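Have a look at the structure below, then the notes.
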Amino acid sequence: MEVRDLHPWPATPEAALAIQDRLRPLLVLDEPGPAEPRTVAGLDVSYAGDGGGTGARLAAAAVVLDATTLDVLEESVVTGTAAFPYVPGLFAFRELPALVEALRGLETTPDLLACDGYGVAHPRRFGLACHLGVLTGLPTIGVAKTGFVGAYEPPGARRGDASPLTEGGEVVGRVLRTQDGVKPVFVSVGHRAGLDDACRAVLDLARDHRLPETTRRADRLSRDALTARPPAA
DNA sequence: GCGACAG
DNA sequence: ATCTTGTCGC
Numbered sequence: 001m002e003v004r005d006l007h008p009w010p011a012t013p014e015a016a017l018a019i020q021d022r023l024r025p026l027l028v029l030d031e032p033g034p035a036e037p038r039t040v041a042g043l044d045v046s047y048a049g050d051g052g053g054t055g056a057r058l059a060a061a062a063v064v065l066d067a068t069t070l071d072v073l074e075e076s077v078v079t080g081t082a083a084f085p086y087v088p089g090l091f092a093f094r095e096l097p098a099l100v101e102a103l104r105g106l107e108t109t110p111d112l113l114a115c116d117g118y119g120v121a122h123p124r125r126f127g128l129a130c131h132l133g134v135l136t137g138l139p140t141i142g143v144a145k146t147g148f149v150g151a152y153e154p155p156g157a158r159r160g161d162a163s164p165l166t167e168g169g170e171v172v173g174r175v176l177r178t179q180d181g182v183k184p185v186f187v188s189v190g191h192r193a194g195l196d197d198a199c200r201a202v203l204d205l206a207r208d209h210r211l212p213e214t215t216r217r218a219d220r221l222s223r224d225a226l227t228a229r230p231p232a233a
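The numbers in UniProt numbering rise by one with no breaks, and the one at position 170 of the first sequence is 170.
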């Protein structure tokens with residue numbers, strides 16, 4: 001699929017912040033849906049060694065699933081290095097170049113992109129899912145495994161139970177229980193998506209497990225790619 | 001000032 | 001994210 005060229009990559013947190021400020025106005029947050037995506041791509045990155053610095057070896061994967069059957073339709077994986085150190089709030093700058101490369105390797109243009117992390121539930125309302133939405137123009141959502149920003153009440157114990165994730169009086173996402181009795185996941189919209197449809201999609205994708213099948217597939221693919229032959233002269 | 005802090 | 005043993009459950 002096509003992905004817009006990346007802006008010059010920031011070398012400092014200050015430069016990264018400036019880019020988020022510049023791109024945020026391009027976000028489209030008044031669209032509902034996608035109501036019935038036929039294809040959904042899951043994105044994830046795995047690392048080797050070095051935990052949080054720049055230059056760590058990594059593998060980024062994009063896996064397209066049939067949203068109804070959860071069958072894998074297409075896979076794309078690339079290896080590379082971390083483009084930025086891990087800084088909460090600037091997480092996207094670490095993985096975006098590799099993820100974009102993985103997306104460009106897809107023949108398919110998915111109806112929805114499911115990212116590992118947050119969308120607007122972010123200190124400056126511009127998490128990874130938002131950034132990827134602006135770069136691709138596609139509807140994106142963020143699904144995170146742990147909390148980051150916002151307050152919430154624990155959702156009910158059954159699959160489908162949810163409670164709002166709020167910050168400063170506004171709802172920035174939803175804490176969603178995807179299976180009975182498991183820890184909930186944190187869903188937030190990224191670009192051109194509505195929270196209700198986002199949660200519907202996550203619930204459909206998390207039919208058999210706590211995490212969406214998209215995330216699980218991308219995680220496995222990226223991890224396997226890293227385990228395989230490291231270099232490739 | 002002191003924690004907390006997506007992956 | 002990744003480093004790690006054993007252990008409980010389907």
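We put the beta carbon where it would ideally sit given N, CA and C, even for glycine. This one's a predicted model, so the numbers in the text were calculated from it and none came from an experiment.
Taking the C-alpha atoms as reference points, what is the distance between Pro184 and Pro88? Rounded to the nearest angstrom, the two C-alpha atoms are 21 angstroms apart.
Endpoints, the beta strand (DSSP E) within which Leu211 is located: Under the DSSP assignment, Leu211 falls outside any beta strand (DSSP E); it carries neither an H nor an E label.
Would you mind working out which of Ala201, Leu106, Ala98, Glu101 sits nearest residue 235, comparing C-alpha positions? Any answer about residue 235 is impossible in this case: the structure gives the chain only from 1 up to 233.
Closer than 6 angstroms by C-beta to Arg22: which residues in its own chain qualify, once you throw out the five before and the five after it? Chain order, please. Setting aside the 5 residues that flank it on each side, Arg22 has no residue in the same chain whose C-beta is closer than 6 angstroms to its C-beta.
Under DSSP, the beta strand (DSSP E) around Thr39 begins and ends at which residues? Secondary structure note for Thr39: its beta strand (DSSP E) is the uninterrupted segment 39 to 48.
Under a Cβ-count criterion, where at least 16 other Cβ atoms within 10 Å of its own Cβ denotes burial, should Leu99 be classed as buried or exposed? Classification for Leu99: buried.
Suppose contacts are defined by Cβ-Cβ distances below 8 angstroms. Is Val45 in contact with Ala60 by that definition? The answer is yes: Cβ separation under 8 angstroms.
My output table needs one value for Ala121: the three-state DSSP class, helix, strand or coil. Note: Ala121 maps to coil in three-state DSSP.
Find out if the Cβ-Cβ distance for the pair Leu96, Pro13 is shorter than 8 angstroms. It is not a contact, given that the beta carbons lie outside the stated cut-off.
Cβ contact (3+ pairs, closer than 8 angstroms) linking the region 28 to 43 and the region 114 to 134: As far as the Cβ criterion goes, the region 28 to 43 touches the region 114 to 134, which means the pair count is three or higher.
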